[in-house]
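Let me begin by presenting the structure, written as structure tokens, before commenting on it.
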Amino acid sequence: MENVGIQVVSNTFGIKVKRICASCQHKCIQKDGTRFCANMMLKVEQKFVCKQWEMSDGMKNAGLGGGAVHLRGTEEEVINILG
């Protein structure tokens, strides 16, 4: 794992995502708040990155709503940054 030269990638909707543990699909947060990599079975920190990094589902879908935040499980708009 490295902490040098953080790369930025774009998701399908053009949202820039840092290629670090914080945005990784394999990240797990334990009950005590420590970050754990389920893929490598190691305790990690937010800005670590490894060759097995995979964009999390949440980051893949960022921008899907077109600037609107909906109440989960409903169509009710909570925030609309586009007006």
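For the sequence shown, this note's numbering gives the first residue as 11, with consecutive numbering after it.
Quick reminder that beta carbons are idealized off the backbone N, C-alpha and C, glycines included.
Owing to the predicted nature of the structure, the values given are computational and were not obtained by experimental measurement.
Report the three-state DSSP secondary structure of residue i (helix, strand or coil).
i: residue 69; result: helix
i: residue 60; result: coil
On the DSSP bridge list, what partners appear for residue i?
i: residue 39; result: 45
i: residue 33; result: In DSSP, residue 33 forms no bridge with anything.
i: residue 52; result: 47
Can you tell me the Cβ-Cβ gap for residue i and residue j, rounded? I've got them flagged as a contact below 8 angstroms.
i: residue 34; j: residue 50; result: Not a contact, Cβ separation roughly 11 angstroms.
i: residue 18; j: residue 69; result: Not a contact, Cβ separation roughly 12 angstroms.
i: residue 29; j: residue 37; result: Their Cβ separation, rounded to whole angstroms, is 13 angstroms, which puts residue 29 and residue 37 out of contact at 8 angstroms.
With distance defined between alpha-carbon atoms, name the residue in the options nearest to residue i.
i: residue 16; options: 63, 73, 53 and 43; result: 63
i: residue 31; options: 55, 18 and 70; result: 55
i: residue 20; options: 82, 81, 47 and 71; result: 71
i: residue 22; options: 82, 66, 83 and 81; result: 66
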